[in-house]
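Trainee:
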Amino acid sequence: MEEGNRRFNVVAFFVIAAILALFAYTAYSSGHPWSLTCYQCRACNLNCPLGYDVAKFVVAAAVDDPDIYMSARNLQLRLDEAYSTDPDMTVEVDGERMTAGEAIERFGEGLVVEVRMLRVKDAAKYDPLEGACERSCPIELPITDTIRDLKEDGVFNE
Ligand code: SF4
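Heads up, the sequence shown is in the working numbering, so the first residue is 6 and it goes up one at a time.
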């Protein structure tokens, strides 16, 4: 029994070490290794004028994936622009949530819609970079650097 427990502990140790090594690798390859120090308190979300879940920019940098989705509360787009940016973006029309692709089929292009979920690279495109998120971070992480990086070309560090 003790031998079994020992083996389990050794395997668990190596699995956890491998996961941590993977995070370290992706955070370095995104060019934002400091993202690993974020402890997801979400203070940066509180003052975002677009109501973004700003901490997702930091998560995306840590895993080097600009395609993960984040929520938004105060972003409005014309439906044709939402659709051409990402047909899978979640939008809200008259209190009902749907993808931009479904909304185009039902309502045509002219509508202005509330955006509710979008990829971080698309969120960066509309971000005014005014820095409220960075000023709210208790450990002063350079959040706007990740947003600026994505704003340029939709990928990290290129
Ligand atoms: S405020 Fe700073 S530490 Fe907290 S979630 Fe945002 S980036 Fe991370």
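Heads up, the beta-carbon is just placed ideally off N, CA and C, and yes, glycines get one too.
What do you get for residue 46, buried or exposed, if any count of 16 or more other CB atoms within 10 angstroms of its CB means buried?
Mentor: Counting Cβ neighbours within 10 Å, residue 46 comes out exposed, since fewer than 16 surround it.
Trainee: Are residue 42 and residue 152 touching if we call contact CB-CB under 8 Å?
Mentor: The answer is no: Cβ separation not under 8 Å.
Trainee: Taking all protein chains shown into account, decide if residue 58 is buried (16 or more other Cβ within 10 angstroms of its Cβ) or exposed.
Mentor: By the 10 Å Cβ count, residue 58 comes out buried.
Trainee: Within the continuous alpha helix (DSSP H) that includes residue 63, where are the two ends?
Mentor: 60 to 68 is the extent of the alpha helix (DSSP H) around residue 63.
Trainee: For residue 50, count neighbouring C-beta atoms within 10 Å of its own C-beta (all shown protein chains included) and say buried if the count is 16 or more, exposed if not.
Mentor: Flag for residue 50 reads buried.
Trainee: Residue 47 by DSSP, collapsed to three states: which one?
Mentor: Coil at residue 47, not helix or strand.
Trainee: Is residue 152 near the ligand SF4, in the sense that its beta carbon is under 7 Å from a heavy atom of that ligand?
Mentor: No, the Cβ of residue 152 stays beyond 7 Å of every heavy atom of the ligand SF4.
Trainee: Quick one: residues in its chain with C-beta nearer than 6 Å to the C-beta of residue 27, no 5 flanking neighbours on either side, listed in chain order?
Mentor: Excluding positions up to five away in sequence, the list is empty.
Trainee: Following a CB-centred definition, is residue 12 positioned closer than 7 Å to any heavy atom of the ligand SF4?
Mentor: No, the beta carbon of residue 12 sits no closer than 7 Å to any heavy atom of the ligand SF4.
Trainee: What is the residue span of the beta strand (DSSP E) that residue 95 lies within?
Mentor: Unbroken beta strand (DSSP E) run through residue 95: 95 to 98.
Trainee: Check the C-beta distance from residue 118 over to residue 77 and give it rounded, since I have them as a contact under 8 Å.
Mentor: Not really, about 11 Å apart at Cβ, beyond 8 Å.
Trainee: Does the beta-carbon of residue 105 have 16 or more other beta-carbons within 10 angstroms, so that it is buried, or is it exposed?
Mentor: Its Cβ being crowded by 16 or more others within 10 Å, residue 105 is buried.
Trainee: Kindly indicate which three-state DSSP category residue 80 falls into: helix, strand or coil?
Mentor: Strand, per DSSP.
Trainee: Just mark residue 5 as buried or exposed, buried being the case when its beta carbon has 16 or more other beta carbons within 10 Å.
Mentor: As shown, the chain starts at 6 and ends at 163. That puts residue 5 outside it, with no answer to give.
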